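Numbering (the working numbering), first residue to last: 22 to 108. Report on the following structure.
Okay, here's the thing in structure tokens:
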């Protein structure tokens, strides 16, 4: 749904750069997924001991909650930052 909204906004407004909007949405998603990985793997792999709670819940919460929020905020920032006058 969020991607559909983003595509509609970029297509209707020629003043928005589509590539900047795409990068603005992609970068926060990659950052959130990298953050989730760095929260889980360093705690689990060195000792191979049950790490306790949340034991991998980061991999569910980050993509479902934080990544879409980051995508929308990144798209908004890219839209405002690259707004140019329409011809």
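Backbone N, C-alpha and C define an ideal beta-carbon position, used for all residues, glycine too. Everything numeric in this text was worked out from a predicted model, so none of it was measured.
A distance below 8 Å separates the beta carbons of residue 53 and residue 88.
Between residue 95 and residue 39, the C-beta gap is not smaller than 8 Å, which leaves the two residues out of contact. Pairing residue 83 with residue 44 gives a Cβ-Cβ distance that is not under 8 Å. Between the alpha carbons of residue 51 and residue 92 lies a distance of about 10 Å. In terms of CA proximity to residue 61, 78 leads the group 78, 90 and 30.
Separation of the CB atoms of residue 99 and residue 42 is rounded to 5 Å, and the pair is thereby assigned contact status at 8 Å.
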